[in-house]
Structure formats: structure tokens, C-alpha cells
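> I have a structure I would like to understand better, so I am pasting it below and will then ask my questions one at a time.
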Amino acid sequence: MSEPIKIKDKTVLKGLGFDSFGQGSNSCEVDVLDGKIVRTRPFHYNYKNAYDPMEKNPWKIEARGHTLVAKEESLLCPFELAYKLRAYSPNRIPFPLKRVDWEPGGDPEKINAENRGISKFVRISWDEATTIIANEIRRMESQYGLTAILAQCDGHGETKSIHGPHGCQTHLLQLLGNYTQQIRTPDSWEGWVWGAKHVWAQFPVGQQRQVNMLKDICEHSEMMLYWGSDPEAMCWGWGGQTASHIAYHFDKLGIKNVFVSPDFNYTAAAHPGKWIPVLPNTDSALQCAIAYTWITEGLYDREYIDTHSIGFEWFESYVMGGIDDVIKTPKWAEEICGVPARIIKAFARDWAAHVTVISHCNGGGYIRSAYSHEPARLEVVLLAMQGLGKPGSGQFIYFQWQLFGMQSTNAGPRSSIIPSIEGCYHGIDQAFIPESFIPKTLIPKAILGDWSEENPLKWHSFTHCSLPASDQFDEYQYPVPGASPIHMIWTDTPCWTTCWNGGNEMIEAARSSKIEFILAQHPWFENDCLFADILLPVNTKFEEEDFADDLLNGFYNHIFYEAPAIEPIGESKSDWECVLEVAKKLGVYDELSEGLTYEDLIYRGWEKSRCADNVSYEDFRKNEYYVIPTAEDWEEDEPGLHAFWRDPQNNPLDTPSGLLEIYSPSLAYNFPDDEERLPYPRYMGDGESHQESRFSPRAKDYPYVMMSNHPRWRVHANMDDVPWFQEIETSKVHGDDGYPYEPVWINSADAAELGIEDGDIVEIHNERGMVLGGAYVTERIMRGAVNQDHGARLDPLEFGVADRGGANNIICPTNVTSKHCAGEVTNGFLVGLKKANMDELRARYPEAFERKFDAATGMVISDWVIEGDEE
365 MSEPIKIKDK TVLKGLGFDS FGQGSNSCEV DVLDGKIVRT RPFHYNYKNA YDPMEKNPWK
425 IEARGHTLVA KEESLLCPFE LAYKLRAYSP NRIPFPLKRV DWEPGGDPEK INAENRGISK
485 FVRISWDEAT TIIANEIRRM ESQYGLTAIL AQCDGHGETK SIHGPHGCQT HLLQLLGNYT
545 QQIRTPDSWE GWVWGAKHVW AQFPVGQQRQ VNMLKDICEH SEMMLYWGSD PEAMCWGWGG
605 QTASHIAYHF DKLGIKNVFV SPDFNYTAAA HPGKWIPVLP NTDSALQCAI AYTWITEGLY
665 DREYIDTHSI GFEWFESYVM GGIDDVIKTP KWAEEICGVP ARIIKAFARD WAAHVTVISH
725 CNGGGYIRSA YSHEPARLEV VLLAMQGLGK PGSGQFIYFQ WQLFGMQSTN AGPRSSIIPS
785 IEGCYHGIDQ AFIPESFIPK TLIPKAILGD WSEENPLKWH SFTHCSLPAS DQFDEYQYPV
845 PGASPIHMIW TDTPCWTTCW NGGNEMIEAA RSSKIEFILA QHPWFENDCL FADILLPVNT
905 KFEEEDFADD LLNGFYNHIF YEAPAIEPIG ESKSDWECVL EVAKKLGVYD ELSEGLTYED
965 LIYRGWEKSR CADNVSYEDF RKNEYYVIPT AEDWEEDEPG LHAFWRDPQN NPLDTPSGLL
1025 EIYSPSLAYN FPDDEERLPY PRYMGDGESH QESRFSPRAK DYPYVMMSNH PRWRVHANMD
1085 DVPWFQEIET SKVHGDDGYP YEPVWINSAD AAELGIEDGD IVEIHNERGM VLGGAYVTER
1145 IMRGAVNQDH GARLDPLEFG VADRGGANNI ICPTNVTSKH CAGEVTNGFL VGLKKANMDE
1205 LRARYPEAFE RKFDAATGMV ISDWVIEGDE E
């Protein structure tokens, strides 16, 4: 009789979500055999049968003959199942690296800044690397002051606690005395923060209070608008397939779906409903025409507007042409947004006839375009016109429930505890506001400009998404009085060039001699790592021991112990360990580490998790997890903005008036001359900051409007090297040369006019540069629009000119959202499109096309590292 096949040596728990900042999700059971990861499975909420299942207080929502119940295991998506491949990626940084022609000390002749991204790297020891880093920090301190060091430490990546990531270096820099911090702008919430907050406040990010919205929708909603929303693609990295599970349940309930988007996206393809194609960044014209239809046909709640808002008369006058002599009819909107007038009128009437909720998934082009504050404000106004807050209406966010550890962002049944990892967290302290900071969108301008205390770069707002709208009226500057401009960058988030607007300008900044030293720590050689002077190799989660939480899964909050699955790859260390190694050379190791072991930190994580009264440390370590019960009285929580709808005087909003401010007196007072963000919402095409509409003179040369979605097969810039995904036609298009090109969605009729066939390599271009992509010819995108997902890895053909990998952020607008809004603009911009002449490109860029790549994963680090005898 044969021996049973051994399938694993051990199972460890890991959270493989990508929210970062200590907010975990996508809990998994990871099986290991012979020191290698062999499979990833869903985490069962009764793992090891450690607890009585009823202790969780399982929840259910019964409505319309159907029951939605809490799942008994995590709903994993392909990301978690394939993530083990990233641990073994051929693009892992195996050991510390130094750029061959860079020397410390700041001598322009020896730093060779212009060669960043061109010259290769040589292996050095950890001792040599950390000695150089420590000496450069001390040189910065003595020569310029510590504000000369810029910490780039934000973004979505692996979610860790003890090991960060994103911000471990700030703990060291704070201990040393000072630094300059890159501040993440609202990103996934740009329009909500810069626009909607001025209408309805809604802490933290300008989206509607979510309490019990899931139950409210199940019981009362009749129609759901997926406005630029794609839960089948955008939610995977933050909550697995919970959003998909819920969307299918809404279908069972008979809720009518309408998809408003330039593309027939993955959710529209998977669920029944009506698709209304709208050209990128023209939603505000469509919204104004809907308002016109309601006003002229008496299809809105005038009594609600009178009692719950101020300033509607300004908006009504604008829509009816009283301000600019242009009546915002459906026919007017048709010319702008591409939606036929008859469809606009039918849509408006259908909306008014049904109890309607608008769903979002955060991010996406709808809210990250030029003047994105306009569609955000207009959405709130339209919701108000139909009685915002009444049962079944309002705004629904499909994922990131309990964002920032807040109950107000949770649409599902309330948990009895929202856990915290603050006791052992070494990532960025988001509550800390440093003396010197620069919004992320302004980093290139800050580096390249001749700024000084007498001639500073100025902007409004700290720009963090969670601050109140009043923060947007405060002015800040770089450099702050008495501080030096930046001369060193320490990044644990090396994806600026491929995730933010104006990537080519950032490349120019990274190659400026003003920056004397760039230090990057990262697991993989990708994107901004090309421009580093020193590279430190970082572990993946699979190689680390940690304490974790999961509060974004939508079913049960839990805390758990993460044992290492495998040994560190190469000489890699965790983000926290990288910083501690530098601290040793600076003589502050004991102060920074506090003398705590990992066991001490795990204990402290449990102690301050808010769960210590519910589970002992001994039981927690024995069972490796603790699932938190659903609150007993969760059904009693009043949903959404129902209390405001019911009684606005006794349940006011956090606006200055307590009501919906359709006209904002605060904007009028603080920015009386701002022609791009008026006190009331409107359609905004071209203005002082942007000329990206089809009516711009630029459209003659660049006639297509580019949309750049959150990718289905990546999380921003994460996982662009997973070979399983690259076999999928909407993930990569493999050219005749075997290279994996980023897909470009092109309407069939547009492709025919341009002589482009499915699978051709194409150029997307404007005056800011050109990127290549693989043609995906389809009816799933409307004419006049093209789509290439953002986040593809940078693979330059020529800096500032052309990229092979499809990193289209390098050709995004360089200007921010609008005059007083320092947000990103990564969608809805003008481009030209043509079939690429590959023979001509190979002849023009022979070295770039000769670089080695892996057909299954793309560019590889081996082509960038010089062996000892080659140096």
C-alpha cells in the first residue's frame, strides 16, 4: 500500500491585502512544503475549530425573500492565489546594490545624476551600504539640515505592522530631529475631497456616511447606478471578492443596474443592466442635463431642497442659462459627453421614478481627472434633488469598509470591536504633521524649481484626504522658513513615475543634480528603483513574522499571528530591519528599537489591539487568531444619512450651515477669484490649468480621450510580473518580439479607421511623450475613448520621450486638479493613437530593445546588475 502524498509541512496565516497602513484584508491559509509555498487557501473563520462558531454572532440580512449571510471563510481573488509567484519573482532584488558611477559626498562630478536610469548596479555588502547611508544622512544634517532629506513613504502595497511598510524610515528621521515628508494627496478620493466635502462635509474622505447602507439597500433600493464603478475589478486588493458577492446578491433582489462609464467594464459584463457610455471626464455635462430634465419636468423634491440645503438657486440659475446664457439641455450635453439626448432624458426620468443609490469603489477615472471636484459636487446635488438620505437612496461604497478604523465608513453589520495594530506598527504615523512637507503631486516642481524662503513654492491644504474642508483654505510653502531644499530622497514607495501625474517630469527631477543621493528599499527592481543610487532588498510578507488584523473583509473583523512561511530570499530584510541597520551606524539603534524583540512586539500588538479583554495572549498564540463577534445591536444603527433626511435641524451635517451647501459661502469667501472651482458646481471643460477636452485646440492633434482605470490584474503598480495573469488577453498583449505589452482598449470602428488590428502594437502619444501598448480591439469601449490601465512597469525607451512598458502616467497632465487643489490628474486627457512602426523604433532605440526581459514577467533585474569582473 503506497504512502499518502505529503501536501504540506505547515500552514501559516497571512493577510495579503494591499491597503497598507496597518489596515488588513484578504486573510489566507498558506501551505508550505519543503521550505516552499505550494498553495494559498481561504482563511476559515473557525480555523482549527478553535472556537464555537456561534461566538462570532453570525449576521444575516433578510429582504425580499432572499437572505444575505456572513460567509464562513474569506473570499479570495486571483491576487492572493498567485501572490506566491512574487516571492520567487526573477525581479527580486537579491542583495544591496550601488549604482556603478555614483559616489557619496555630493560632488556633482561624482554623483552623475544624469546617468540615473541608464547606468547599472554593482553588488555591495550590507555593511558598506548602511555605512554609506548613515554617512550621507550625517552629511545632509551638517551641510543642509535634516529637512534636506525627503521621505517618500505612502501608497498601496503589502500590509504589515511590525515591518511597516511605508514609513519605517520616518521613525528614524523623527528620532534624529527632522525631515521633509511627501504627503499623499487624496488619490482615490480627489474629487470627493476637493469638491463634495464643500457640499456635505462627510468625514473622513468626502463620501457619504456608510453605516448600515448594506441593509438599507437590500430592503429599500430599486435601482443602483454604477457610476464609473467596477467592483468586479477594483476591489480585489482590498477585500477579495466580497464586493462581487454582494453585487450578485443585489441582482437576486431585483435591483435594477445602470452602468455609466466609457467602457463596458467587468461589472457591466458580469451583471444584468443598462450601459450608458459617456466620454471620459464629461460626466458633469451629463449630470447638468439630468438636473435640467428634473427641473423642467418637476421631477425633483423641491420641499427637501428648501429644508435641507442652501444655495440651490445658484445651481438652478446656472442650469437654466441664467449665469452664462447656456441652457444645459440634454442636446447641449450630448455634444460634450456623447450620450444621446433621448437617452439622457430617459435616464433622468427612470432615476426619478425609482429609489436610487449610486455605487462607487473609490479611485477610478471619474474622480481623478482634471476638475474632478465638479462631478463629485454634482453627484451630491443630484442625490439631494431626489431626497438624499431617504430609505434606499444615497451613495454606497463597495469596499474598504471601516477605512481608517472608523465605523462611519462601514456599510455592513457593525462589529463589536474594530481592532488596531497600533501597539506594534512601524509604518507612517498619519496623525503626525511634520514641519516640512510637500504634496506628492508637487514633488517634481519642488525639486526642479529655484525655490527659497524668499521665493517659495506655495499651495493650499495639507492635502491629506481625512482633513476637514476648512484645511483647504490654509496656505503652505516649500521650503519652510529656515529649511533647506531637498537634496536626498529615501523611498520605500518607488512607484511615483507610474502612479502619479506627470511621470516624465518626475523622471527629470530624479535625474537632477540637485538630488545628491537617492536611496530605495523594495522587494523588486521596478519603476523608480531604476533611478536609485543605493538599493536595499526587502522581504515579502511570506518571509516575515508579524501581528496582523483584517477589518476590510466585510464579514468578521479578526486579529491573527503571522508566522514566517519561508526563509528570506537572498539577503533581503524587512523594511523595519533595513531602517534598524542604518540606525546601528548612526548610533541610535537602542533608542529606535526600544530593545523589543519580535515576541515583545507581537505581545504589544495583542495588548493594544482592543481585543485583550476578549482573548488571552496564551489562547491567541495557541490558536493564532481571534475572530471578533458582530455587535448584538447592529440592526438598530440608523443607516446612511437617514437621520439628516428625517430631521436636518437636530441631525445637522458638519458643514458651516449644517445643511447641504450647494453654494459654498466658504469657497466664495476664501477663493473669490477662482474661475475653476466656483462656489457652486457646474460643467468644467477647459480652463487655466487644463485644456484636455475634445473642444480644446489640442484635440486637433490628439483627438482621443484617454481613460486609465484601476487595473483588474494589478493593484496600481503591484503584480505587473505575475506570469499567470500575463496569459490573459486583457492583462497583456504579447508582441511578435515576445514582449508583454500593456493592453490598449480601442473601439472597433476607431481601430478600423486607423488601420489597427487586434494584437497590433500601438503608440499612445501627446506633447508630453509616448507609450506603447498592445491593441485590444473591442466593442466594450465607446468611440472617441481609449483605455490603458495605469500602473504598468516603467521600461523607458528614452527618458522624457517614450516608454515601452505602457507606463502611461508619464504622459498624464503635469498640472494638479485645479488652481487651488493640489490633487492628481491621471484620467480623461487627450492623446493621439497610431499603429507603431516597430522596425523604426528598434532602429531608433537599439539599446532599449536589446535589454533582456522574461516573456512571462517582463523586464528583469539581471540585465541591470554588473558582475564583479564586468565592473
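If you read the sequence shown in our numbering, its first letter stands for residue 365, the second for the next number, and so on.
Even for Gly, the Cβ is constructed at its ideal location relative to N, Cα and C.
Taking only runs of the alpha helix (DSSP H) that begin and end inside the segment 1059 to 1098, which ones reach a length of at least 4 residues, in chain order?
Complete alpha helix (DSSP H) runs here, min 4: 1087 to 1090.
> What first and last residue would you give for the beta strand (DSSP E) that runs through Asp395?
Start and end: 391 to 397.
> With DSSP run on the structure shown, which of helix, strand or coil describes Gly1196?
If DSSP states are grouped into helix, strand and coil, Gly1196 belongs with the strands.
> What's the gap between the Cα of Cys392 and the Cα of Gln764?
Each residue's alpha carbon lies about 18 Å from the other.
> Looking only at its own chain, which residues have a Cβ that is under 7 Å from the Cβ of Leu1031, when we skip the five neighbours before and after it?
Result list for Leu1031: His562, Arg1041, Pro1043, in chain order.
> Could you compute how far the alpha carbon of Tyr962 sits from the alpha carbon of Glu941?
Rounded to the nearest angstrom, the two C-alpha atoms are 11 Å apart.
> For the alpha helix (DSSP H) holding Glu743, just list the boundary residues, first then last.
Its alpha helix (DSSP H) spans residues 737 to 749.
> Relative to the alpha-carbon of Ser389, which residue among Ala1171, Trp1009, Gly918, Ala734 has its alpha-carbon at the smallest distance?
Residue Gly918 is the option with its Cα nearest to Ser389.
> Is it buried or exposed for Tyr590, if we count other Cβ within 10 angstroms and need 16 for buried?
With 16 or more other Cβ atoms within 10 Å, it is buried.
> Is the CB-CB distance between Ser1072 and His1184 below 8 Å?
Against a cut-off of 8 Å, the Cβ pair of His1184 and Ser1072 comes out as no contact.
> Are the beta-carbon atoms belonging to Ile1174 and Thr861 less than 8 Å from one another?
Yes, they are a contact pair.
> Would you kindly check if the distance between the Cβ of Tyr1068 and the Cβ of Ala1149 is under 8 Å?
Their beta carbons are under 8 Å apart, which means Ala1149 touches Tyr1068 by this criterion.
> Alpha carbon to alpha carbon, how far is Ala565 from Lys948?
C-alpha separation (whole angstroms): 46 Å.
> Which runs of the alpha helix (DSSP H) fall wholly inside the segment 745 to 829 and span at least 4 residues, in chain order?
The qualifying runs are 807 to 812.
> Who are the Cβ neighbours of Leu894 in its own chain at under 6 Å, not counting the five residues just before and after it?
Gly481, listed in sequence order.
> Can you name, in chain order, every residue of its own chain whose Cβ lies under 7 Å from the Cβ of Gln841, other than the five neighbours on each side?
Contacts found: Pro820, Leu821, Lys822.
> Could you name the residues of the same chain whose beta carbon sits closer than 6 Å to that of His824, not counting the 5 residues immediately before and after it, in chain order?
Excluding sequence neighbours, His824 sits near Gln836, Glu839, His1184.
> Is it the case that the Cβ atoms of Leu510 and Leu461 are separated by a distance below 8 Å?
Contact flag unset, no.
> Contact check, Glu786 vs Lys972 under 8 Å by CB: the rounded distance?
At roughly 6 Å, the Cβ-Cβ gap stays under 8 Å, so Glu786 and Lys972 are in contact.
> Just mark Val946 as buried or exposed, buried being the case when its beta carbon has 16 or more other beta carbons within 10 Å.
Under this definition Val946 is a buried residue.
> In the DSSP output, what is Glu1204 paired with across the bridge?
Partner(s): none; Glu1204 has no beta bridge.
> Gln546 bridges to which residues according to DSSP?
Paired residues: Ile802.
> Taking its Cβ as the centre, do 16 or more other Cβ atoms sit within 10 Å of Ile898, making it buried, or is it exposed?
So Ile898 counts as buried.
> Whose C-beta lies closer than 6 Å to the C-beta of Cys532 among residues of the same chain, with five residues either side of it excluded?
Excluding sequence neighbours, Cys532 sits near His790, Asp939, Trp940, Val943.
> Could you pull out every residue in the same chain whose Cβ sits closer than 6 Å to the Cβ of Trp998, ignoring the five residues on either side in sequence?
Result list for Trp998: Pro777, Arg778, in chain order.
> Going by DSSP, name the residue or residues bridged to Ala717.
In DSSP, Ala717 forms no bridge with anything.
> Three-state secondary structure (DSSP) at Ile371?
Note: Ile371 maps to coil in three-state DSSP.
> Which whole runs of the alpha helix (DSSP H) in the segment 455 to 513 are 4 residues long or more, in chain order?
472 to 475, 490 to 507, all fully within the segment 455 to 513.
> How many whole angstroms separate the CB atoms of Pro1029 and Pro1020, which I take to be in contact at a CB cut-off of 8 Å?
Contact holds; Cβ gap of about 7 Å.
> When the Cα of Gly969 is compared with those of Tyr735, Phe984, Phe1059, Phe1217, which residue comes out closest?
Comparing Cα positions, the closest option is Phe984.
> May I ask you to verify whether the segment 538 to 558 touches the segment 718 to 735, counting CB pairs closer than 8 Å and requiring at least 3?
Touching, per the Cβ criterion.
> Might you give, ordered along the chain, the residues of its own chain that have their beta carbon closer than 8 Å to the beta carbon of Ile654, omitting 5 neighbours on each side?
Only Ile708, Phe711, Ala712, Trp715, Leu746 meet the Cβ criterion.
> So, helix, strand or coil for Gln538, using DSSP?
Reduced to three states, the DSSP call for Gln538 is helix.
> For Ile879 versus Phe906, is the C-beta distance shorter than 8 Å?
Against a cut-off of 8 Å, the Cβ pair of Phe906 and Ile879 comes out as no contact.
> What are the start and end residues of the alpha helix (DSSP H) that includes Phe948?
Reading the sequence as shown, one finds Lys at residue 948 and not Phe. Segment 939 to 950, the alpha helix (DSSP H) holding Lys948.
> To the nearest angstrom, how far is it from the Cα of Lys579 to the Cα of Ser757?
Approximately 12 Å, taken between the alpha carbons.
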